[in-house]
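S.K.: Can you keep this structure in mind? I'll have questions shortly.
Protein chains: 4
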Amino acid sequence: MHPQRRYTLTAACPDRVGIVARVATFIADNRGWILETSHHADSDTEHYFMRIEIKADSLPFDLTEFRRRFRPIADEFAMDSRITDSAVKKRVVVLVSKQEHCLYDLLARWQSKELEIDIPCVISNHNDFRGFVEWHGIPFHHVPVTAENKSAAYAEVTRLFEEAQGDVMVLARYMQVLSPDLCARYPGRIINIHHSFLPSFVGAKPYHQAYQRGVKLIGATCHYVTAELDAGPIIEQDTVRIDHGDTVEDLVRYGKDIEKAVLARGLRYHVEDRVLLNGNRTVVFR
Amino acid sequence: MHPQRRYTLTAACPDRVGIVARVATFIADNRGWILETSHHADSDTEHYFMRIEIKADSLPFDLTEFRRRFRPIADEFAMDSRITDSAVKKRVVVLVSKQEHCLYDLLARWQSKELEIDIPCVISNHNDFRGFVEWHGIPFHHVPVTAENKSAAYAEVTRLFEEAQGDVMVLARYMQVLSPDLCARYPGRIINIHHSFLPSFVGAKPYHQAYQRGVKLIGATCHYVTAELDAGPIIEQDTVRIDHGDTVEDLVRYGKDIEKAVLARGLRYHVEDRVLLNGNRTVVFR
Amino acid sequence: MHPQRRYTLTAACPDRVGIVARVATFIADNRGWILETSHHADSDTEHYFMRIEIKADSLPFDLTEFRRRFRPIADEFAMDSRITDSAVKKRVVVLVSKQEHCLYDLLARWQSKELEIDIPCVISNHNDFRGFVEWHGIPFHHVPVTAENKSAAYAEVTRLFEEAQGDVMVLARYMQVLSPDLCARYPGRIINIHHSFLPSFVGAKPYHQAYQRGVKLIGATCHYVTAELDAGPIIEQDTVRIDHGDTVEDLVRYGKDIEKAVLARGLRYHVEDRVLLNGNRTVVFR
Amino acid sequence: MHPQRRYTLTAACPDRVGIVARVATFIADNRGWILETSHHADSDTEHYFMRIEIKADSLPFDLTEFRRRFRPIADEFAMDSRITDSAVKKRVVVLVSKQEHCLYDLLARWQSKELEIDIPCVISNHNDFRGFVEWHGIPFHHVPVTAENKSAAYAEVTRLFEEAQGDVMVLARYMQVLSPDLCARYPGRIINIHHSFLPSFVGAKPYHQAYQRGVKLIGATCHYVTAELDAGPIIEQDTVRIDHGDTVEDLVRYGKDIEKAVLARGLRYHVEDRVLLNGNRTVVFR
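First to last, the protein sequences are chains A, B, C and D. The opening residue of the first sequence carries number 18 in the working numbering; numbering runs sequentially from there. The opening residue of the second sequence carries number 18 in the working numbering; numbering runs sequentially from there. The opening residue of the third sequence carries number 18 in the working numbering; numbering runs sequentially from there. The opening residue of the fourth sequence carries number 18 in the working numbering; numbering runs sequentially from there.
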């Protein structure tokens, strides 16, 4: 948690000598005070990843100017870079169906400012949580999804997301498979919580699959959504111990606790710009 | 999770030959169908502990008659025994201050029927959560506690608990130390969540203490409240990894996640009659 | 750990009223002192599983007589039952290749009597550990396995296992796939440690597979070997957190620690008769 | 694991603008290829900590020259700095008493080169492990410790450590309290494994203490030894779940597994120069 305003610079580029020196010198020359910095050199892809947090008021310029001045360095190193301002909260659109555990959990974290985000709206294919969501002062949109109206429904979800100027879409146990179009439209911007320790138990009813296989731990996976079901880059996972005495219903109950914890961690890493894509894997600077 | 109605028999007694035989024969003679059974022989205290769940409709009598017929066995073995009916939900009175994480978490579990309890009321020394609680249709009582009015305040808490016919009082991050009188009045019926891995960091500001000591994991402890601060029988605990990069504020944030998980598990064990006292320790039949 | 000698009765049978009563009454009638007892009613398969430890010297008869007298009860309930004596140590034949972590770990546990087993011999397809094993006073057999001699090699392994009067064969990172014949010959008596959290990453190079998929935890699985590769009943599993900074070599290193821990736990459950088969799943009375 | 030879630079200094820029520019100007880099700004003590691994053969000079050229930078920033060469293995002197689990575990890791260390000798107050240690080709010294000879005994331990040119002394369940003199002589160079989750259960018989308190998890702590018993800077900790069915002997058995795992991790962090002291806390760049 950072009470003070800060700029966060993230960058990925082909690895070579001098990257840190160039960036750190630029920051030091502008008297920037570094609060936190993380680096990763991936020997596999020969790419370099970095994330640097700088006290906003230690720099003599604003965000726009920061970006402008940094551009030549980004170009020089062929960086995929990004600079964000902690004063500008990410806008998180939440999609939910009929299970409340992730929704309650996210709203509690938003309410207590533990998650520093805006929630411009909640979208659901059911009407169950309208009252609860609206009580918090958050707009609620009911977009039913049927076998017949999928195309129109996802068009409406897209429209609402755009209208809300959403930065990221969170599927908080949203029990519908998004269309490939929608997935492709927002790469690295749709976050799902899957109720198994992927790649085990892809698809429907993972707790039933886990029960049948007789595993001794179950898990949950927070990942970016891609067109291929449950195969996107993994942001965060965790597991919990079960035993022979646990029924499928017990697995569901234990699972909810890790689902909401893993989703909350994954979302926080995302909104704090801690997640960088490395092909179909992620670099997570925790 | 047991969709079917069941009676739960728990008992503790001095250990000797024939306890299981006597109880199991009684149940079998009445055609009782055992759903789940747990035993523990404590070699230290030489006491025997058991918990048996029986399908309610497999027995030819009701709860009152069950209790009446079991009494001679309880007497014969000097058992401290108890029989409960899953159709009668425990009444859980929640006490809260200004932090919402445990409250939101408990209400989500209550709402989704994951925790099969009644919440007759929420009591708080602040007014912050009145709207949220009342939106759920649960009465909210504001009982301010100051240095001067403690005695009157706890008398009022006691009155409200009695009026609500509470079975158990849950301190869901209630930031006041209950009076010894109140603690003594409800042994094994007041559950607290302490934000450290007891017996480390007793008392105030445990996360600050943990930070200063430089531990690599922090924890939370769900325990029964006794007159001695943070020293009552432990029901459940858990820990989470931290590192040098985490500030006290980060510890608080990580801690919230284990606090609510540990409290929810401990409370469920309690309301499902899975916790038996063994001196200042507990037997928890999970 | 039980310093005192005990008999352990394990049984599985179709569930019905009166099983516990019948068994417990038999034990009580013979003044048997129950040290530990565990039960599981599987609602899925409608089978009942139990495990009871009795002080050996509390019973008025020896193991043979115990078995003889228990037989009518086993027959009455169609039990698959078994009675063992803690004074008779299980004979564990260890198979190993070129990695030492599981071998050192097992020998340390055997040496310190933490694992109360006999190790009549170690078999390896390499000669590397001959000196180490023999220093401990344990016979070492080198049985090379090549693409051509598999049939003869496994015949030799079988012969050595029989000659050693082995109760259980432990594949302690034995890097050869046993023949279907050998697997079928000893159902529930060959224990393998697989270096992934099954059912993820079946087959070869699981750490490479895990690295490529970008998972955030890796695991290990201790299971009974069946003719179908990596698909037998799971006894024990565990996972450990990794991150983007870990190379495949790091995964291998972290993995070793959970492999040996999971194998040691699984083997202990097995030799203490805590594992009962329930189709392709296990009941583990920990 | 780094197959390639590397230099590791660690440094701690008062935090200010320009540290990273200065160091990274120095490395880049010499064409140094950075393999891994970690930073931590401690807002509490206002100190900056860093660790940088550089490919040895990317630099145009050797270790001595590297140190010489870096000295002005260290002086400029008042750094407590250190540069080591991965080709020079740390010399680890192991002290042990009568329990084998940590000793076997360390020797297995040394043997498999998982831990890249030299073990110049093992010292014990008992003779039990002489054969085992010597079989590995490692000298074994028996230094009995009694109430009367403590002073002479620790003088002999010191002499042997010096003679062995030890870099670090590891108390692998060495059941003697070192003299304050010895502790003070090697600050940050004596590593102990304590069998509790410190600061709980300081001193003797921690598993008995844990059993009596009825905790639901037990732990182990790897820490640097200081004159104050069990109060030195913590390097690594972990916990494992227990329950009411576990006796003190079970706690000891579970505990051994975390003791050896935690010690091995802590020692690896130390020998890879990943641990920096921050008062009585540690920065561990994992």
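We put the CB at the ideal spot given by N, CA and C, even for glycine.
On the three-pair Cβ rule with 8 Å, is the stretch 211-228 of chain C touching the stretch 194-202 of chain A?
M.R.: No, the stretch 211-228 of chain C does not touch the stretch 194-202 of chain A.
S.K.: Skipping 5 residues on each side, what residues in its chain have a beta carbon closer than 6 Å to that of residue 184 of chain B?
M.R.: As a working mapping, residue 184 of chain B is identified with position 167 in the second sequence. For residue 184 of chain B, where only same-chain residues beyond five positions count, the Cβ hits under 6 Å are 107 and 108.
S.K.: Should residue 22 of chain A be flagged as near chain D, meaning a C-beta pair shorter than 7 Å?
M.R.: Counting from 1 along the first sequence, the entry for residue 22 of chain A is found at position 5. No - not a single Cβ of chain D is within 7 Å of the one on residue 22 of chain A.
S.K.: Taking only the alpha-carbon atoms, compute the straight-line gap between residue 254 of chain B and residue 301 of chain B and give it to the nearest angstrom.
M.R.: Translated into the one-based positions of the second sequence, residue 254 of chain B becomes position 237. Translated into the one-based positions of the second sequence, residue 301 of chain B becomes position 284. Between residue 254 of chain B and residue 301 of chain B, the C-alpha separation is close to 12 Å.
S.K.: Does the structure place the stretch 44-59 of chain A close enough to the stretch 74-81 of chain A that three or more beta carbon pairs sit under 8 Å?
M.R.: These segments touch.
S.K.: Whose C-beta lies closer than 6 Å to the C-beta of residue 161 of chain C among residues of the same chain, with five residues either side of it excluded?
M.R.: The residue given as residue 161 of chain C occupies position 144 in the third sequence. These residues qualify, in order along the chain: 142.
S.K.: What does residue 48 of chain C reach in chain B if we use C-beta pairs closer than 8 Å?
M.R.: On the third sequence, position 31 is the one that residue 48 of chain C refers to. Per Cβ cutoff of 8 Å: 34.
S.K.: What number of angstroms, rounded off, separates the C-alpha of residue 266 of chain B from the C-alpha of residue 66 of chain C?
M.R.: Within the second sequence, numbered from 1, the residue matching residue 266 of chain B stands at position 249. Within the third sequence, numbered from 1, the residue matching residue 66 of chain C stands at position 49. In a straight line, the C-alpha of residue 266 of chain B is about 48 Å away from that of residue 66 of chain C.
S.K.: Would you kindly work out how many angstroms separate the C-alpha atoms of residue 34 of chain C and residue 263 of chain C, rounded to a whole number?
M.R.: Translated into positions along the third sequence, residue 34 of chain C becomes position 17. Translated into positions along the third sequence, residue 263 of chain C becomes position 246. So the two alpha carbons sit approximately 54 Å from each other.
S.K.: Would you kindly work out how many angstroms separate the C-alpha atoms of residue 18 of chain A and residue 38 of chain B, rounded to a whole number?
M.R.: If you number the first sequence from 1, residue 18 of chain A lands on position 1. If you number the second sequence from 1, residue 38 of chain B lands on position 21. Confidence is the limiting factor: at residue 18 of chain A the pLDDT is only 45, short of 50, which leaves the residue's position unreliable, though a coordinate-based value still follows. Going from the Cα of residue 18 of chain A to the Cα of residue 38 of chain B covers about 58 Å.
S.K.: Return the CA-CA distance between residue 278 of chain A and residue 175 of chain D, expressed in angstroms with no decimal places.
M.R.: As a working note, residue 278 of chain A is residue 261 in the first sequence. As a working note, residue 175 of chain D is residue 158 in the fourth sequence. About 50 Å.
S.K.: Among all the DSSP beta bridges, which residues are the ones paired with residue 66 of chain A?
M.R.: Position 49 of the first sequence holds residue 66 of chain A. Note: residue 66 of chain A sits in a beta bridge opposite A/29 and A/57.
S.K.: Helix, strand or coil: which one does DSSP assign to residue 294 of chain D?
M.R.: Position 277 of the fourth sequence, counted from the start, is the residue given in the question as residue 294 of chain D. Note: residue 294 of chain D maps to strand in three-state DSSP.
S.K.: Distance, Cα to Cα, residue 110 of chain B vs residue 189 of chain B?
M.R.: In the second sequence, residue 110 of chain B corresponds to position 93, counting from 1. In the second sequence, residue 189 of chain B corresponds to position 172, counting from 1. Cα to Cα, the separation comes out at about 10 Å.
S.K.: Please list, in chain order, the chain D residues whose beta carbon lies closer than 7 Å to that of residue 253 of chain C.
M.R.: Taking the third sequence and counting its residues from 1, one reaches residue 253 of chain C at position 236. Correct list: empty, because the minimum Cβ distance to chain D is about 13 Å.
S.K.: Listing by chain order, which chain D residues have their CB less than 7 Å from the CB of residue 52 of chain A?
M.R.: To locate residue 52 of chain A, count along the first sequence from 1; it is residue 35. The contacting residues are 58.
S.K.: Could you tell me whether the stretch 279-290 of chain A touches the stretch 119-137 of chain A, where touching means 3 or more Cβ pairs closer than 8 Å?
M.R.: Flag = yes, the stretch 279-290 of chain A and the stretch 119-137 of chain A touch.
S.K.: To the nearest whole angstrom, what separates the beta carbons of residue 268 of chain B and residue 235 of chain B, a pair I think is in contact under 8 Å?
M.R.: For the purposes of this step, residue 268 of chain B is taken as the residue at position 251 of the second sequence. For the purposes of this step, residue 235 of chain B is taken as the residue at position 218 of the second sequence. Yes, residue 268 of chain B and residue 235 of chain B are in contact; Cβ-Cβ is about 6 Å, under 8 Å.
S.K.: When DSSP labels each residue in this structure, what does residue 155 of chain A get in the three-state scheme?
M.R.: Stepping through the first sequence from its first residue, residue 155 of chain A is reached at position 138. The answer is coil: DSSP assigns residue 155 of chain A none of H, G, I, E or B.
S.K.: Helix, strand or coil for residue 239 of chain C, going by three-state DSSP, please let me know.
M.R.: As a working note, residue 239 of chain C is residue 222 in the third sequence. Reduced to three states, the DSSP call for residue 239 of chain C is strand.
S.K.: Where do the N-terminal and C-terminal ends of the beta strand (DSSP E) with residue 211 of chain C fall, by residue?
M.R.: Here residue 211 of chain C refers to the residue found at position 194 of the third sequence. Here the beta strand (DSSP E) through residue 211 of chain C covers 207-211.
S.K.: With distances taken from CA atoms, which of C/45, C/32, C/28 and C/80 is nearest residue 55 of chain C?
M.R.: Within the third sequence, the letter at position 38 stands for residue 55 of chain C. Measuring from the Cα of residue 55 of chain C, the nearest candidate turns out to be C/28.
S.K.: Below 8 Å on the Cβ atoms is my guess for residue 271 of chain B versus residue 259 of chain B; work out the distance and round it to an integer in Å.
M.R.: As a working mapping, residue 271 of chain B is identified with position 254 in the second sequence. As a working mapping, residue 259 of chain B is identified with position 242 in the second sequence. Sure, about 6 Å apart at Cβ, within 8 Å.
S.K.: Beta carbon of residue 202 of chain D: closer than 6 Å to some heavy atom of the ligand NAP?
M.R.: With respect to the ligand NAP, the structure offers nothing, as it holds no ligand at all.
S.K.: Report buried or exposed for residue 273 of chain B, applying the criterion of at least 16 other Cβ atoms within 10 angstroms of its Cβ.
M.R.: Mapped onto the second sequence, residue 273 of chain B falls at position 256. Answer is buried; the Cβ neighbour count reaches 16.
S.K.: Could you check whether residue 179 of chain D and residue 237 of chain D sit closer than 7 Å to each other, using their CB atoms as the reference points?
M.R.: On the fourth sequence, residue 237 of chain D is found 220 positions in, with the first residue counted as 1. On the fourth sequence, residue 179 of chain D is found 162 positions in, with the first residue counted as 1. The answer is no: Cβ separation not under 7 Å.
S.K.: When we look at the beta-carbon of residue 182 of chain A and count the other beta-carbons within 10 Å, is it buried (16 or more) or exposed?
M.R.: As a working mapping, residue 182 of chain A is identified with position 165 in the first sequence. The residue is exposed, with fewer than 16 neighbouring Cβ atoms inside 10 Å.
S.K.: Could you check whether residue 243 of chain B and residue 214 of chain B sit closer than 7 Å to each other, using their CB atoms as the reference points?
M.R.: Translated into positions along the second sequence, residue 214 of chain B becomes position 197. Translated into positions along the second sequence, residue 243 of chain B becomes position 226. Going by C-beta atoms, residue 214 of chain B is not nearer than 7 Å to residue 243 of chain B.
S.K.: Mind reading off the beta-carbon distance from residue 167 of chain D to residue 145 of chain D? Whole number of angstroms is fine, and I expect it under 8 Å.
M.R.: Here the question's residue 167 of chain D lines up with position 150 in the fourth sequence. Here the question's residue 145 of chain D lines up with position 128 in the fourth sequence. No, residue 167 of chain D and residue 145 of chain D are not in contact; Cβ-Cβ is about 21 Å, not under 8 Å.
S.K.: Residues of the stretch 111-130 of chain B with a CB closer than 9 Å to any CB of chain A: list them in chain order, please.
M.R.: Those would be 116, 117, 118, 120, 121, 122, 124, 125, 126, 128 and 129, in chain order.
S.K.: Given residue 97 of chain B, which residues of its chain have a CB within under 6 Å of its CB, disregarding the five upstream and five downstream residues?
M.R.: Mapped onto the second sequence, residue 97 of chain B falls at position 80. The answer, listed in chain order, is 29.
S.K.: Using a Cβ-Cβ distance cut-off of 7 Å, determine whether residue 274 of chain D contacts chain G.
M.R.: Chain labels in this structure do not include chain G; the protein chains are A, B, C and D.
S.K.: Taking the straight line between their C-alpha atoms, what separation do you get for residue 41 of chain A and residue 82 of chain D?
M.R.: One-based indexing of the first sequence puts residue 41 of chain A at position 24. One-based indexing of the fourth sequence puts residue 82 of chain D at position 65. Residue 41 of chain A and residue 82 of chain D: Cα-Cα distance of roughly 25 Å.
S.K.: Inspect the beta-carbon positions of residue 103 of chain D and residue 22 of chain D and report whether they are closer than 7 Å.
M.R.: Translated into the one-based positions of the fourth sequence, residue 103 of chain D becomes position 86. Translated into the one-based positions of the fourth sequence, residue 22 of chain D becomes position 5. The answer is yes: Cβ separation under 7 Å.
S.K.: Which ranges does the beta strand (DSSP E) cover as unbroken runs of at least 3 residues, wholly within the stretch 70-158 of chain A, from first to last along the chain?
M.R.: Counting whole runs of 3 or more residues, the stretch 70-158 of chain A contains the beta strand (DSSP E) stretches 97-102, 107-113 and 139-141.
S.K.: Select from the stretch 230-242 of chain D all residues with a C-beta closer than 7 Å to any C-beta belonging to chain B, and list them in chain order.
M.R.: Residues 230, 231, 232, 233 and 234.
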